[in-house]
Structure formats: structure tokens, C-alpha cells
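J.: Structure incoming, see below.
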Amino acid sequence: MSLFRIFDISGSALHAQTVRLNTTASNMANIDSISSSTEQTYRARHPVFAAQLDEAEEAAAGVDVLGIVESQTPLRQEYRPDHPLANENGYVNLPNVNPVEEMANMISASRSYQANVEVLNTSKQMMMRTLALGE
Amino acid sequence: MGIDFDRALRVHGQALALRSQRTELVAANLANVDTPNYKARDLDFKAAMASAMGAEQPLKVTHAAHLQTRGDQAGELLYRMPTQMSLDGNSVDAEREKAVFAENALRYQASLRFLGSRVQGLLTAIKGE
């Protein structure tokens, strides 16, 4: 019965949105992680989603998290000569996290998560009613 | 004159199978609401139901080399026409999918209710009380 597959599909979406929320939390937590070298500076991380290709039925697909990529936008540099981590020119590197983008991402992820929980709940109810058929 | 179970239960049974398939499709659309390049899919319930009920008869095969038309109950899967395209190539409209999902769940439960009362009716007829 195909209703059972909804648990896989919506479950994969819940997992993907959780990963997205986790990266957002990590980005927001590290928004002020100052570093002296550009290599060691934290860069904003974002997950890459892809539909799970189902060879057998090629119809309904869940979500896969292909991986987490670091943002390639340039780091912010600030002139703070009195900072202990400042380089020889007096600059410190700040992460390239955009807080507005992260907040929008967070709201979108939480909305999608809620929608998928709702789908799971409704499907569960439908299955329970089906099981009680003819009673 | 006996009770024809197939005739008594068939319509709603088929409807339930198609409704559950559609539930799965819409759930997949909602799951992929943030997936780049994902295209929302759905099935034409009316056409799928007609084909499942045999309104669309498969062609008669008189030779081994003849191609068989599809007579199975799985309706053709279609792509939903997007109301507005997004920049990442995703065509899922979350609000629309939620509405479709709610409507589909409601109709599933209606079919279920019909089927349940048919079973009750048959039970009454069998018991003869």
C-alpha cells in the first residue's frame, strides 16, 4: 500500500529540513567568530538538497541531502588594530554569514518542517481509519 | 441471486487506491518544496478513475507482435502547471499543494466512509436480522 511510503518521503524531508536548521544555527552561532588568517575563518554553510530518484516507480520521491557546501562569498574584513587576532596590517577576518539570509532560511525551514509533520499526521489518521474499516 | 462483492465494493476500493497514490505524490511534492529543479507532479484523478473502471478498454490483441496498450490502474503522471516559476527551477507551490493534500485526504475519508457503509449493508444482508 502506497500510504506507507509517505513515512519514508516525509521522514526524509524532516531530516533534510533539520540539517538545514542545524547549518543555520551553526552559521548564526559563528557570526562573530573572528580569525586572523583567511583559511581559518568560518564560512557560512548551506546544505544541498536533491530529489531521491526512484528507479522502480520514478513517481514520488523523498529528499536527499547531497552535502554541505561552504559559501564562496568574500569574507568581511575589519580594521581593528587593538584586537589580539589582528594580522600585521591590523585587520581581522569575519565570517561571510549574512544574518538576514540566515533568518529567512530558518523561517522557510521551519515552515517546511511543519508542513511535513502535518502530512505525516494526516496520513497516519487516514491509515488508522482504513484499519478500522467495517467495524 | 447472490451478492456480487465486486460490484458492491469495486468503485470505492479503486477510488481509495488512487486517492492513496495521489496522497503519496502530493506528500512528495511537499517534501521537495526546497529542492532545486524539482517539478511538482500529480495525476488526473478523473482520467485515472475512468481507466481503472474499464471505461478505456485495452485494445484487442490478435497477433504476438501487437503492442499492448496500458490497461493498468496507474494513471499517467502529469506535471503541475506552475503559477509562478522560482529562480531555482522548483515548481512546487507549497500553499497549493497543502490545499490539494487536504482535499485529497477528505475525499479519501469520504470513500472510506462509503466503503464502510457498504460493508455494513452487506453484513446486514448476510445476517438477515
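For the record, the sequence lines run as chains B and Y.
Mapping the first sequence onto our numbering, position 95 (from 1) lands on 95, and the numbers just tick up by one.
Mapping the second sequence onto our numbering, position 67 (from 1) lands on 67, and the numbers just tick up by one.
Glycine included, every Cβ here is placed at the ideal spot set by N, Cα and C.
Just so it is clear, the structure is predicted and the values come from calculations on it, not from any experiment.
Measuring straight from C-alpha to C-alpha, what distance separates ALA175 of chain Y and VAL63 of chain B?
T.: Nothing in the structure corresponds to residue 175 of chain Y, since chain Y is present only between 1 and 129.
J.: Please confirm if GLN73 of chain Y has its CB atom under 8 Å from at least one CB of chain B.
T.: Numbered from its first residue, the second sequence carries residue 73 of chain Y at position 73. With a pLDDT of 44 at GLN73 of chain Y, under the threshold of 50, the modelled position of this residue cannot be trusted; read the value that follows with caution. No, because no Cβ of chain B sits closer than 8 Å to the Cβ of GLN73 of chain Y.
J.: If you check the beta carbons only, do THR41 of chain B and MET106 of chain B fall under 8 Å apart?
T.: Here residue 41 of chain B refers to the residue found at position 41 when the first sequence is read from its first residue. Here residue 106 of chain B refers to the residue found at position 106 when the first sequence is read from its first residue. Not in contact: THR41 of chain B and MET106 of chain B (Cβ atoms no closer than 8 Å).
J.: Specify the secondary structure class of HIS66 of chain Y as computed by DSSP and reduced to three states.
T.: Stepping through the second sequence from its first residue, residue 66 of chain Y is reached at position 66. HIS66 of chain Y falls in the coil class under three-state DSSP.
J.: Is the CB of THR35 of chain Y under 8 Å away from at least one CB in chain B?
T.: Residue 35 of chain Y sits at position 35 when you count from the first residue of the second sequence. Under the Cβ criterion of 8 Å, THR35 of chain Y is counted among the residues facing chain B.
J.: Just list the residues that DSSP pairs PHE49 of chain B with in beta bridges.
T.: For the purposes of this step, residue 49 of chain B is taken as the residue at position 49 of the first sequence. Answer by DSSP bridge pairing, in chain order: B:VAL65.
J.: Please name the residue or residues paired with TYR79 of chain B in a DSSP beta bridge.
T.: Numbered from its first residue, the first sequence carries residue 79 of chain B at position 79. BP columns for TYR79 of chain B point to B:TYR91.
J.: Going by C-alpha to C-alpha distance, which of Y:LEU16, Y:HIS66, Y:ALA125, Y:LEU123 sits closest to MET53 of chain Y?
T.: Sequence index remark: in the second sequence, residue 53 of chain Y carries index 53 (1-based). Nearest option by C-alpha distance: Y:LEU16.
J.: Comparing C-alpha positions only, which one of B:ASN96, B:LEU14, B:PHE49, B:ALA16 sits nearest to ARG33 of chain B?
T.: Residue mapping note: residue 33 of chain B aligns to position 33 of the first sequence, counting from 1. According to the sequence shown, residue 33 of chain B is Ser rather than Arg. Nearest of B:ASN96, B:LEU14, B:PHE49, B:ALA16 to SER33 of chain B, Cα basis: B:ASN96.
J.: Going straight from the alpha carbon of VAL117 of chain B to that of LEU14 of chain B, what length do you get?
T.: Translated into the one-based positions of the first sequence, residue 117 of chain B becomes position 117. Translated into the one-based positions of the first sequence, residue 14 of chain B becomes position 14. Each residue's Cα considered, the two are about 8 Å apart.
J.: Taking only beta-carbon positions, decide if GLN21 of chain Y is within less than 8 Å of chain B.
T.: As a working mapping, residue 21 of chain Y is identified with position 21 in the second sequence. Answer yes: the Cβ-Cβ gap between GLN21 of chain Y and chain B drops below 8 Å somewhere.
J.: So with CB distances below 9 Å, who are the chain Y contacts of GLY90 of chain B?
T.: Your numbering for residue 90 of chain B matches position 90 in the first sequence. The premise fails here: GLY90 of chain B is roughly 40 Å from chain Y at the closest Cβ pair, so nothing lies under 9 Å.
J.: Anything in chain Y within Cβ reach of VAL65 of chain B, meaning under 8 Å, just list it in chain order.
T.: Along the first sequence, read from residue 1 onward, the residue named residue 65 of chain B stands at position 65. Those do not exist, as VAL65 of chain B stays about 10 Å from chain Y at its closest Cβ, beyond 8 Å.
J.: For ARG80 of chain Y, which three-state DSSP category applies?
T.: Reading the second sequence from its first residue, position 80 is the one you call residue 80 of chain Y. Residue state, collapsed to three classes: coil.
J.: Looking only at C-alpha atoms, which of Y:LEU115, Y:VAL26, Y:THR62 sits nearest to ALA61 of chain B?
T.: As a working note, residue 61 of chain B is residue 61 in the first sequence. Looking at the Cα atoms, Y:VAL26 is the closest of the given residues.
J.: Strictly below 7 Å CB to CB, what residues from chain B border LEU112 of chain Y?
T.: Along the second sequence, read from residue 1 onward, the residue named residue 112 of chain Y stands at position 112. Ordered by position in chain B, the residues that pass the 7 Å Cβ test against LEU112 of chain Y are ARG129, THR130, LEU133.
J.: Along the chain, where does the alpha helix (DSSP H) that runs through LEU43 of chain Y open and close?
T.: By 1-based counting over the second sequence, the position of residue 43 of chain Y is 43. Element bounds for LEU43 of chain Y: not the alpha helix (DSSP H) but the beta strand (DSSP E), 41-43.
J.: Tell me whether THR35 of chain Y is buried or exposed, calling it buried when 16 or more other Cβ atoms sit within 10 Å of its Cβ.
T.: Here residue 35 of chain Y corresponds to residue number 35 of the second sequence, with the count starting at 1. Buried is the call here.
J.: Can you list, in chain order, the residues of its chain whose CB lies under 8 Å from that of ARG45 of chain B, leaving out five sequence neighbours each side?
T.: Translated into positions along the first sequence, residue 45 of chain B becomes position 45. Around ARG45 of chain B: THR23, SER26, ASN27, ILE68, VAL69, GLU70, SER71.
J.: Quick check: what's the CA-CA separation for GLY13 of chain Y versus VAL33 of chain Y?
T.: The count along the second sequence starts at 1 and reaches residue 13 of chain Y at position 13. The count along the second sequence starts at 1 and reaches residue 33 of chain Y at position 33. Answer to the nearest angstrom: the Cα atoms are 31 Å apart.
J.: Comparing alpha-carbon positions, which option in Y:LEU87, Y:ASP42, Y:ASP88 lies nearest GLU76 of chain Y?
T.: For the purposes of this step, residue 76 of chain Y is identified with residue 76 of the second sequence, where counting begins at 1. The residue with the shortest Cα to Cα distance from GLU76 of chain Y is Y:ASP42.
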